[in-house]
Amino acid sequence: MNNETEKFLKRGLSTVKFEELKDKSFELILVVEMLCEVCEKPLSVKEKFLRKIPISIKEDYENLLTRAAAHDRAEADVENGKIYFYDHDFPGDVHPECLEKL
Ligand SMILES: [Zn+2]
Numbered sequence: 451m452n453n454e455t456e457k458f459l460k461r462g463l464s465t466v467k468f469e470e471l472k473d474k475s476f477e478l479i480l481v482v483e484m485l486c487e488v489c490e491k492p493l494s495v496k497e498k499f500l501r502k503i504p505i506s507i508k509e510d511y512e513n514l515l516t517r518a519a520a521h522d523r524a525e526a527d528v529e530n531g532k533i534y535f536y537d538h539d540f541p542g543d544v545h546p547e548c549l550e551k552l
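Next up, the structure:
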């Protein structure tokens, strides 16, 4: 599957209902976007697999939403069984083209 298709399948977690996740397992993936100090756009992205969780009762879903609230944003790919948490970091680096503007 190419990235374009994957992007299309991802939806904001808050728009996904419990009924859509019920009785399935999801891989939790943390995505950290390394941002440029100048333009604050991504330099690179690091993905880290956290763990796999089953969603069976409403409480599992509520725990997931609570956990998601600690991150910048969260997206779900229900078809592929993945939930992405996004964070950002400033590694102290800049794009080469941004360096020229300084
Ligand atoms: Zn930049």
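Heads up, the sequence shown is in the numbering used here, so the first residue is 451 and it goes up one at a time.
No residue lacks a Cβ here, since even glycine has one placed at the ideal position from N, Cα and C.
- DSSP, read as helix, strand or coil, puts residue 504 in strand.
- Judged by DSSP in its simplified three-state form, residue 552 adopts coil rather than helix or strand.
- In this structure, residue 521 lies near residue 535, with their beta-carbon atoms less than 8 Å apart.
- Between the stretch 492 to 502 and the stretch 514 to 529, the count of Cβ pairs shorter than 8 Å is below three; the stretches do not touch.
- Residue state for residue 487 is assigned as coil, using DSSP reduced to three classes.
- For the pair residue 487 and residue 523, the Cα-to-Cα distance works out to about 20 Å.
- Counting only the Cα atoms, residue 466 lies some 7 Å from residue 526.
- Counting of Cβ neighbours within 10 angstroms places residue 533 among the buried residues, the total reaching 16 or more.
- Ranked by Cα distance from residue 544, the first of 474, 490, 506, 518 is 490.
- Not one heavy atom of ligand 1 sits closer than 7 Å to the Cβ of residue 502.
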